[in-house]
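S.K.:
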Amino acid sequence: MVTWRVVVVVVVTCSALRSRAQVTVDCDHVCQKVENVHDEEEMECDAPCRRDQCLAGCDDWREGLDASCQDLCSGLGWSNDGPLHRCTMGCVYAAQDYVDRIRGILGTPGAPHLIGGSLGASSVGLRWSGAPQVPHARYLVQYRHEGSATWVYYRPHHPLNTTHAAVTHLTPYTKYQFRVAWVVLPGHAPIMSASSLYISTLASGPPRSPPTGVKAVPLDGSRVEVTWEPPVSPGGNLIFYTLYLRAQQGGREIRDTIKAHEERR
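Numbered by mature numbering (1 follows the signal peptide of the UniProt record, and there is no 0), the letters in the sequence shown go through residues -21 to -1, 1 to 244 in order.
Listed below in structure tokens is the structure:
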């Protein structure tokens, strides 16, 4: 069993190295296209010169992981618009090509899972598996509650360099789904993991929101049908509702207690 694990790690790592080498080869083909693209003011820089400026960005793109490609090329000494543009173009292409190749190797990363003993009323602990071919990856957690189609980033400006996270400030007794955004390179679209199963936070306190969709429809001269939907954030298992009815022109208030699982009328 141990032998099989070693073989898998070696194969995956070699695939990543081949991807980096192939990025350089493909970038060389792209830089050939800029040989004949120049301004009349750049006559002192011939076709090989312009290609070399593009290749400089191709070769050194990994040095700019913490900065933009334009900052990287400026640091290499390219200050004029033409050389800076060609270097930046090579860097941007190489970086995007690398991200696309890593995306092809990873496919869809596995979903995060709940850490045992970490479930609370307003927080959960999550863990997921990283990948040896992207040791520099950073991670951002996304979540959404049941019934919502919108994913929300948890602490979007604080990417993680670990494969676990504590997600806090959640709503009690609410079902959430989680996934992880793999940031392979800053400034490039992340690789999204599979979504977790729904995880329900624990109950705590009274409802955080009122019942929704309250409607009153007259049935006859002495009866009114009242319907509603449960609160979006009940805070826990609902036991009963208290229904208040009062005539528009004053008069006594009618109060009725209805069990939560009975017909709401």
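Heads up, the beta-carbon is just placed ideally off N, CA and C, and yes, glycines get one too.
1) Taking the Cβ atom as the reference point for each residue, do T180 and T221 lie within a distance shorter than 8 angstroms?
2) Is the segment 93 to 112 touching the segment 51 to 60, taking contact as three or more C-beta pairs under 8 angstroms?
3) Which residue spans inside the segment 46 to 98 form an unbroken alpha helix (DSSP H) run of at least 4?
4) What does the Cβ neighbour count give for T153, buried or exposed, with the cut at 16 atoms within 10 Å?
5) State the DSSP-derived secondary structure class of R187, mapped to helix, strand or coil.
6) Which two residues bound the contiguous alpha helix (DSSP H) that contains L34?
7) Between the Cα of Y72 and those of L224, D38 and P138, spot the shortest distance and give me the residue it belongs to.
8) Exposed or buried, what is F157 when buried is set at 16 or more other beta-carbons lying within 10 Å of its beta-carbon?
9) Taking only runs that begin and end inside the segment 110 to 167, name each unbroken beta strand (DSSP E) of 3 or more residues, in chain order.
10) Grab me the residues of M171's own chain with a C-beta within less than 7 angstroms of its C-beta, minus the 5 sequence neighbours each way, in chain order.
11) The beta strand (DSSP E) with R231 in it runs from where to where?
12) Please report the straight-line C-alpha distance between V(-14) and Q112, rounded to a whole angstrom.
13) Can you give me the Cβ contacts of H143 inside the same chain, cut-off strictly under 8 angstroms, excluding the 5 residues immediately before and after it?
14) Should C33 and C10 be called a contact, given that it needs their Cβ atoms to be closer than 8 angstroms?
15) Taking only three categories from DSSP, how would you classify V203?
16) Buried or exposed for G69, going by 16 or more other Cβ atoms inside 10 Å?
17) What's the gap between the Cα of N216 and the Cα of E204?
M.R.: Short version:
1) As a first step, residue 180 is located in the sequence shown; it is residue number 201 there, counting from the start. As a first step, residue 221 is located in the sequence shown; it is residue number 242 there, counting from the start. Result no, Cβ atoms of T180 and T221 do not sit closer than 8 angstroms.
2) no
3) 48 to 54 and 60 to 85
4) The residue you call residue 153 lines up with position 174 of the sequence shown. Classification of T153: buried, given that the 10 Å Cβ count is 16 or more.
5) Taking the sequence shown and counting its residues from 1, the one referred to as residue 187 is at position 208. In this structure, R187 counts as coil in the three-state DSSP scheme.
6) Counted from its first residue, the sequence shown places residue 34 at position 55. Segment A26 to D39, the alpha helix (DSSP H) holding L34.
7) The count along the sequence shown starts at 1 and reaches residue 72 at position 93. Measuring from the Cα of Y72, the nearest candidate turns out to be D38.
8) Residue numbering aside, residue 157 sits at position 178 when the sequence shown is read from its first letter. Under this definition F157 is a buried residue.
9) You should have 117 to 124, 131 to 133, 143 to 146 and 154 to 162.
10) Taking the first residue of the sequence shown as 1, we reach residue 171 at position 192. Excluding positions up to five away in sequence, the list reads R158 and A160.
11) Here residue 231 corresponds to residue number 252 of the sequence shown, with the count starting at 1. Counting along the chain, R231 falls outside any beta strand (DSSP E), and DSSP gives it neither H nor E.
12) Residue mapping note: residue -14 aligns to position 8 of the sequence shown, counting from 1. Residue mapping note: residue 112 aligns to position 133 of the sequence shown, counting from 1. Note that V(-14) scores 31 on pLDDT, short of 50, meaning its location in the model is unreliable and no value can be drawn from it.
13) By one-based count along the sequence shown, residue 143 stands at place 164. Scanning its chain for C-beta atoms nearer than 8 angstroms, with the 5 sequence neighbours on each side dropped, one finds around H143 the residues I94, G104, L105, R106 and W107, in chain order.
14) For the purposes of this step, residue 33 is taken as residue 54 along the sequence shown, with counting starting at 1. For the purposes of this step, residue 10 is taken as residue 31 along the sequence shown, with counting starting at 1. Yes, Cβ-Cβ distance for C33 and C10 is below 8 angstroms.
15) For this step, residue 203 is matched to residue 224 along the sequence shown. Residue state, collapsed to three classes: strand.
16) Looking up residue 69 in the sequence shown gives position 90. Around the beta carbon of G69, 16 or more other beta carbons sit within 10 angstroms, so the residue counts as buried.
17) Against the sequence shown, residue 216 aligns to sequence position 237. Against the sequence shown, residue 204 aligns to sequence position 225. Computed Cα separation, rounded: 25 angstroms.
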